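**Q** Protein chains in written order, with our numbering: chain A, 923 to 1244; chain B, 524 to 825. Take this structure first; my questions come after.
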């Protein structure tokens, strides 16, 4: 087990390195560098000072030196300066990251709250009308693009019925820390989280359904039934115990989907998180923010996959052999 | 000599030739009413879209007419007009044509790359496989959506072709991995070893023996991917990082809904395009699910 974990981490190191090189090169290819921000603040800079600034910022150094400096700064938490917001990127992200984490967590919780009961019903009572309905829902959910579903949800529940707010993460009037503040936050969270979750459930439902169908004809289940174990216990103690752990382990793989989803959801519900910041920054050509966000998402995806791989291999030793 | 000639024919008369994968797929498709209905609906949509787009002029449709801004559906404009007074129905037809064509192009390009890479990696194995798999693993853990957006934003002289290439650069990996896994399993089977012993060159084994056995999996995968690619394309165009404005897509029409007023009060601009994307993706998926069952003998209905 320890050997597997070590080997798995070893695989991640070159991936991390390649990721950083790729993003560094992309950042270099973007029009604008650390200087553009300074120039925006002071457009009438004479060529001499410009050259001095370039030297000071190290823009004349060879590429590999610049790369090493970039990585070093990043490890120290210095992600550069956002020139549209005129503040360090780290501060800018810190103000937004909470909302995105909150949204992602809400999507995951709702996903499991919806998917697990539906998957169990569908797998336990196959070919009943309930199963057919659930399978139908999972087909439609699989085919529906998130952005269209989210727009239609916003149209119906936000504008038409007016049940939920149509944008933002919290009302402006409420005071931070009060109960009203948290309720307002929850209220703003519901619609985007529900839109994300209803599309996100599909994989878990299908997984759970096929797991249960496969497991319930196995010998150990038949034995338990022959011994007179009540049906409820057969499901909870014998069948589902095996199926739940992998679902928990898939959490890490979900990160990629959540990051992509947050870009769409936050832009549709004008929810002030990292996804919305990413789109705004790329439209305003604020590339230091863009670079930081891509790097953070890349690292999050890598770490998520790593954790899932390790948990899965702990749950199911067959995966360890590669 | 005589024995050799007689042997197989004597057995051959008793054994019925097994049906080809295509005829199995067709039978499954016809047997599944939902899939058959989807096939008919999709065919009708595509006939209308490609037929009507022959008579519509893209230049004419994207021309701005300030006298008819946001007019509701009428006899002249079947689905009303958008913020530039452009006919929504015309944009819907052109957009659906562009979205479908580009989705198809990405599917085919990624299919060919995935097929070649997967077959080579799976058949030869060893260090070739090792290197290819490391590259695939790396691309698969990249934050796909964000990187595509960054590429679209920084590529100079951005056009439809660059968009297709950027998308394809990321999307071939899943297919390559699938084909590789299947080839790996196929390679171990007796018929391949027998062929090798007889001295058949590798490329002949790959093309004429392994490839036909993978055909049903490839068709299923490409069908399901086509739906996905149309979704990703229209989604990116919705965000403003897909097709350039000169080539309207279904996502372009949906993107007008970023204006809350359009979303709330001018449903005719964005709702038809959204529903069309939804219907096309559902149809393709239902067809794909039926084909998937056909590829797996245990799940067949027919």
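Beta carbons are placed, not taken as given, at the ideal position from N, Cα and C, and that holds for glycine. Owing to the predicted nature of the structure, the values given are computational and were not obtained by experimental measurement.
Please determine, among 1172(A), 1140(A), 1021(A) and 942(A), the residue with the shortest C-alpha to C-alpha distance to residue 1220(A).
**A** It is 942(A).
**Q** Does the distance from the C-beta atom of residue 687(B) to that of residue 617(B) stay below 7 Å?
**A** No. Outside cutoff.
**Q** Assign residue 928(A) to one of three DSSP states: helix, strand, or coil.
**A** Reduced to three states, the DSSP call for residue 928(A) is helix.
**Q** With a CB to CB cut of under 7 Å and the five nearest residues on each side skipped, what residues in its chain are close to residue 1119(A)?
**A** Here the set comprises 1029, 1032, 1033 and 1036.
**Q** Under 7 Å between C-beta atoms, does residue 1048(A) make it to chain B?
**A** It does not: the Cβ of residue 1048(A) has no partner Cβ on chain B nearer than 7 Å.
**Q** From residue 532(B) to residue 541(B), what does the alpha carbon distance come to, in whole angstroms?
**A** Low local confidence applies: a pLDDT of 46 at residue 532(B) is under 50, so the model's placement there is unreliable, and no value is given.
**Q** Hey, residue 793(B) and residue 777(B) are a contact pair by Cβ (cut 8 Å); roughly how many whole angstroms apart?
**A** Yes, they are in contact, since the Cβ atoms of residue 793(B) and residue 777(B) sit about 5 Å apart, within 8 Å.
**Q** Helix, strand or coil: which one does DSSP assign to residue 1009(A)?
**A** Three-state DSSP puts residue 1009(A) in a strand.
**Q** Rounded to the nearest angstrom, how far is the Cβ of residue 1015(A) from that of residue 1195(A), given a contact under 8 Å?
**A** About 10 Å; that fails the 8 Å criterion.
**Q** Rounding to the nearest angstrom, what Cα-Cα distance links residue 796(B) and residue 1156(A) in this structure?
**A** Distance between the alpha carbons of residue 796(B) and residue 1156(A): 48 Å.
**Q** In whole angstroms, what separates the C-alpha of residue 946(A) from that of residue 985(A)?
**A** Whole-angstrom Cα-Cα distance: 10 Å.
**Q** For residue 1231(A) and residue 615(B), I'd like the C-alpha separation in whole angstroms.
**A** Cα to Cα, the separation comes out at about 44 Å.
**Q** For the alpha helix (DSSP H) containing residue 643(B), list its first residue and its last residue.
**A** 611-647 is the span of the alpha helix (DSSP H), which, as asked, contains residue 643(B).
**Q** Does residue 743(B) have its Cβ less than 7 Å from a Cβ in chain A?
**A** Cβ-Cβ to chain A under 7 Å: no for residue 743(B).
**Q** List, from N- to C-terminal side, the beta strand (DSSP E) runs of 3 residues or more that fit wholly inside the segment 1084-1161 of chain A.
**A** Runs found: none.
**Q** Name the two residues that bound the continuous alpha helix (DSSP H) containing residue 543(B).
**A** No alpha helix (DSSP H) holds residue 543(B); DSSP gives it neither H nor E.
**Q** Determine the direct distance from the alpha carbon of residue 726(B) to that of residue 1243(A), and round the result to whole angstroms.
**A** Residue placement at residue 1243(A) is flagged as unreliable, the pLDDT there being 49, under the threshold of 50; a coordinate-derived value is accordingly withheld.
**Q** For residue 738(B) and residue 710(B), what's the separation of their Cα atoms in angstroms?
**A** Spanning the two alpha carbons is a distance of roughly 15 Å.
**Q** Near residue 1216(A), which residues of its chain fall below 6 Å by C-beta distance, leaving aside the five closest residues on each side in sequence?
**A** Cβ neighbours of residue 1216(A) beyond the five flanking positions: 945.
**Q** Report the neighbours of residue 808(B) on chain A: residues whose CB is nearer than 8 Å to its CB, in chain order.
**A** Result: 1061, 1064 and 1065.
**Q** Given this structure, state the Cα-to-Cα distance separating residue 732(B) from residue 644(B), to the nearest angstrom.
**A** If I take the Cα positions, the gap works out to 16 Å.
**Q** Could you give the uninterrupted runs of the alpha helix (DSSP H) lying entirely in the segment 676-735 of chain B, keeping only those of 4 residues or more?
**A** If we require 4 residues or more, the alpha helix (DSSP H) runs fully inside the segment 676-735 of chain B come out as 683-710 and 713-720.
**Q** From residue 574(B) to residue 567(B), what distance separates their C-alpha atoms?
**A** In a straight line, the C-alpha of residue 574(B) is about 10 Å away from that of residue 567(B).
**Q** Strictly under 7 Å for the Cβ-Cβ distance: is residue 1231(A) near chain B by that measure?
**A** Residue 1231(A) does not count as touching chain B.
**Q** Could you give the DSSP three-state label for residue 769(B): helix, strand or coil?
**A** Three-state DSSP puts residue 769(B) in coil, outside helix and strand.
**Q** Which residues mark the beginning and the end of the alpha helix (DSSP H) in which residue 664(B) is found?
**A** Neither: residue 664(B) is in no alpha helix (DSSP H) and is coded neither H nor E.
**Q** Mark residue 977(A) as exposed unless 16 or more other C-beta atoms lie within 10 angstroms of its C-beta, in which case mark it buried.
**A** Exposed, by the Cβ-count rule.
**Q** Is the CB of residue 1171(A) under 7 Å away from at least one CB in chain B?
**A** Residue 1171(A) does not count as touching chain B.
**Q** Would the beta-carbon of residue 853(B) fall within 7 Å of that of residue 667(B)?
**A** As shown, chain B starts at 524 and ends at 825. That puts residue 853(B) outside it, with no answer to give.
**Q** Looking only at C-alpha atoms, which of 1161(A), 1051(A), 1065(A) and 1096(A) sits nearest to residue 747(B)?
**A** Residue 1065(A) is the option with its Cα nearest to residue 747(B).
**Q** From what residue to what residue does the alpha helix (DSSP H) around residue 988(A) run?
**A** That run of the alpha helix (DSSP H) goes 985-997.
**Q** Could you name the residues that DSSP lists as bridge partners for residue 604(B)?
**A** For residue 604(B), which the question treats as bridged, DSSP gives the partners 610(B).
**Q** Under 9 Å between beta-carbons, which chain B residues line up against residue 1185(A)? List them in chain order, please.
**A** Within chain B, the residues near residue 1185(A) are 668, 669, 672 and 762.
**Q** Quick check on residue 942(A): does DSSP put it in helix, strand or coil?
**A** Residue 942(A): helix per DSSP, three-state reduction.
**Q** With distance defined between alpha-carbon atoms, name the residue in 806(B), 696(B) and 817(B) nearest to residue 564(B).
**A** For the residues 806(B), 696(B) and 817(B), the minimum Cα distance to residue 564(B) belongs to 806(B).
**Q** Below 8 Å, can you find three or more Cβ-Cβ pairs linking the segment 1065-1082 of chain A to the segment 1132-1139 of chain A?
**A** No, they do not touch.
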